[in-house]
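*Asks:* With the working numbering applied, the sequence shown covers 1 to 225.
Even for Gly, the Cβ is constructed at its ideal location relative to N, Cα and C.
Handing you this structure, nothing more for now.
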Amino acid sequence: MNKIQKDLFALSEQAYAEFCFNLTPGINPKSIIGVRIPKIRKYAKSICKNDNSKFLNSLPHKYYEENLLHGFLIEQIKDYDKCLYELEKFIPYIDNWSVCDTCKPKVFKKYKNEYLKHIKRWLKDDKTYTIRYGIGQLMSLYLDEDYKKDYLELVSKIRSDEYYVNMMIAWYFATALAKQYDDAITYIEKHKLDKWSHNKTIQKAIESYRISDDKKDYLRTLRIK
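Right, dumping it as structure tokens:
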């Protein structure tokens with residue numbers, strides 16, 4: 001534990017710590033060491049073959065970068081059951097969008113049918129970043145060859161007062177508009193999202209380079225005033 005903290009501090013940059021604080025509001029500035037994410041990923045790969053069980057079991061962590069490292073170590077696990085076990089332990093301790101959005105284990109791509117039931121459960125959770133993580137995984141893994149229209153319905157039914165949940169809903173539907181336009185556009189046309197998520201979806205879709213200009217023009221007419 002002490003070695004991991006010392007290694008992270010050795011990689012720190014004070015200016016970057018200030019940048020991280022401004023980028024992730026709500027985090028205690030004293031918890032930010034100031035290590036760039038590529039360096040943490042590289043460090044995770046360098047120690048992933050070690051026995052990191054003590055670190056993975058020492059939740060909650062003290063530092064923001066320790067949480068990022070924790071997520072990146074989970075990413076290195078190639079066994080589905082073990083990876084899911086460690087992820088389930090970790091998710092309740094995620095307290096910011098950055099840690100939530102950067103942990104993306106690749107092993108789940110091989111077990112999408114089994115993994116989906118856990119995502120559906122996370123979508124119904126009451127914790128902000130558990131819900132956000134579930135939406136993010138549904139967006140990353142199930143909008144291409146494994147897509148089903150039912151998944152749009154799952155996300156559209158989520159109602160939350162939390163900014164970071166609603167922003168992920170908008171991000172999900174904006175991505176769906178880019179990848180599954182014919183199905184996704186009906187959710188905008190029929191106003192199936194709350195007003196804020198509806199308008200934010202349109203904004204993000206208009207900003208996307210993956211959506212054609214004519215579709216963007218149509219989306220502009222669907223804003224809710």
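Look at the Cβ atom of Lys-120, then the Cβ atom of Leu-154, and state whether they are nearer than 8 Å.
*Replies:* Here the question's residue 120 lines up with position 120 in the sequence shown. Here the question's residue 154 lines up with position 154 in the sequence shown. Result yes, Cβ atoms of Lys-120 and Leu-154 sit closer than 8 Å.
*Asks:* Please check the pair Val-107 and Leu-68, which I expect to be a contact at CB under 8 Å, by giving their CB distance rounded to whole angstroms.
*Replies:* In the sequence shown, residue 107 corresponds to position 107, counting from 1. In the sequence shown, residue 68 corresponds to position 68, counting from 1. Their Cβ separation, rounded to whole angstroms, is 19 Å, which puts Val-107 and Leu-68 out of contact at 8 Å.
*Asks:* Do three or more CB pairs link the region 122-129 to the region 159-167 at distances below 8 Å?
*Replies:* Yes, they touch.
*Asks:* Output the distance between the C-alpha atoms of Lys-82 and Asp-7, rounded to the nearest integer angstrom.
*Replies:* The residue given as residue 82 occupies position 82 in the sequence shown. The residue given as residue 7 occupies position 7 in the sequence shown. Whole-angstrom Cα-Cα distance: 26 Å.
*Asks:* Looking at the structure shown, is Pro-60 part of a helix, part of a strand, or coil, going by DSSP?
*Replies:* One-based indexing of the sequence shown puts residue 60 at position 60. In this structure, Pro-60 counts as coil in the three-state DSSP scheme.
*Asks:* Based on Cα-Cα distance, which residue from Glu-18, Arg-223, Lys-49 and Leu-116 lies nearest to Lys-190?
*Replies:* Position 190 of the sequence shown, counted from the first residue, corresponds to residue 190. The shortest C-alpha separation from Lys-190 is found at Arg-223.
*Asks:* Ordered along the chain, which non-local residues of its own chain (more than five positions away) have a Cβ less than 7 Å from that of Asp-170?
*Replies:* Here the question's residue 170 lines up with position 170 in the sequence shown. According to the sequence displayed, residue 170 carries Ala and not Asp. The answer, listed in chain order, is Ser-197, Lys-200, Thr-201 and Lys-204.
*Asks:* State yes or no: is the C-beta of Leu-123 within less than 8 Å of the C-beta of Ile-94?
*Replies:* Within the sequence shown, the letter at position 123 stands for residue 123. Within the sequence shown, the letter at position 94 stands for residue 94. No, Cβ-Cβ distance for Leu-123 and Ile-94 is not below 8 Å.
*Asks:* Comparing alpha-carbon positions, which option in Pro-38, Ile-74, Ser-31 and Ile-33 lies nearest Asp-51?
*Replies:* The sequence position of residue 51 within the sequence shown is 51, counting from 1. Measuring from the Cα of Asp-51, the nearest candidate turns out to be Ile-74.
*Asks:* So what's Glu-145 in DSSP terms, helix, strand or just coil?
*Replies:* Mapped onto the sequence shown, residue 145 falls at position 145. Coil.
*Asks:* In chain order, what residues of the same chain have a beta carbon less than 7 Å from the beta carbon of Glu-86, not counting five sequence neighbours either side?
*Replies:* By one-based count along the sequence shown, residue 86 stands at place 86. Within the same chain, Glu-86 has close Cβ partners Leu-56, Ile-74 and Ile-77.
*Asks:* Rounded to the nearest angstrom, what separates Lys-62 and Thr-221 at their Cα positions?
*Replies:* Taking the first residue of the sequence shown as position 1, residue 62 is located at position 62. Taking the first residue of the sequence shown as position 1, residue 221 is located at position 221. Those two C-alpha atoms are separated by around 47 Å.
*Asks:* Relative to the C-alpha of Ile-40, which residue among Gly-136, Phe-9 and Lys-215 is closest?
*Replies:* As a first step, residue 40 must be located in the sequence shown, where it is residue number 40. Closest by alpha carbon: Phe-9.
*Asks:* Considering only residues of the region 158-210, which uninterrupted alpha helix (DSSP H) runs meet the minimum length of 4 residues and lie entirely inside it, listed in chain order?
*Replies:* For the region 158-210, whole alpha helix (DSSP H) runs of length 4 or above, ordered along the chain, are 163-179, 181-189 and 195-207.
*Asks:* Between Gly-71 and Lys-104, what straight-line distance do the alpha-carbon atoms span, to the nearest angstrom?
*Replies:* In the sequence shown, counting from the first residue as 1, residue 71 sits at position 71. In the sequence shown, counting from the first residue as 1, residue 104 sits at position 104. If you take the alpha carbons of Gly-71 and Lys-104, they lie about 8 Å apart.
*Asks:* Give every residue of the same chain whose Cβ lies closer than 7 Å to the Cβ of Gln-180, excluding the five residues on either side of it in the sequence, and list them in chain order.
*Replies:* Indexing the sequence shown from 1 puts residue 180 at position 180. Correct list, in chain order: Leu-143 and Tyr-147.
*Asks:* Assuming contact is defined by CB atoms lying nearer than 8 Å, are Val-35 and Ser-12 in contact in what I supplied?
*Replies:* Taking the sequence shown and counting its residues from 1, one reaches residue 35 at position 35. Taking the sequence shown and counting its residues from 1, one reaches residue 12 at position 12. In contact: Val-35 and Ser-12 (Cβ atoms closer than 8 Å).
*Asks:* Can you list, in chain order, the residues of its chain with a C-beta nearer than 6 Å to that of Asn-96? Leave out the 5 residues immediately preceding and following it.
*Replies:* For this step, residue 96 is matched to residue 96 along the sequence shown. Thr-24 and Ile-27.
*Asks:* Apart from the five residues just before and just after Gln-137, which ones in its own chain have a Cβ nearer than 7 Å to its Cβ?
*Replies:* If you number the sequence shown from 1, residue 137 lands on position 137. These residues qualify, in order along the chain: Ile-119.
*Asks:* Flag this pair as yes or no: are the beta carbons of Tyr-80 and Tyr-111 separated by less than 8 Å?
*Replies:* Along the sequence shown, read from residue 1 onward, the residue named residue 80 stands at position 80. Along the sequence shown, read from residue 1 onward, the residue named residue 111 stands at position 111. Yes.
*Asks:* Do you know how far the Cα of Gln-14 is from the Cα of Cys-20?
*Replies:* On the sequence shown, position 20 is the one that residue 20 refers to. On the sequence shown, position 14 is the one that residue 14 refers to. In a straight line, the C-alpha of Cys-20 is about 10 Å away from that of Gln-14.
*Asks:* Please report the residue range of the alpha helix (DSSP H) in which Leu-11 lies.
*Replies:* Within the sequence shown, numbered from 1, the residue matching residue 11 stands at position 11. It is not in any alpha helix (DSSP H) - Leu-11 carries neither H nor E in the DSSP assignment.
*Asks:* So the alpha helix (DSSP H) Val-99 belongs to, where does it begin and stop?
*Replies:* Residue mapping note: residue 99 aligns to position 99 of the sequence shown, counting from 1. It spans 97-102 - the alpha helix (DSSP H) in which Val-99 sits, taken as one unbroken run.
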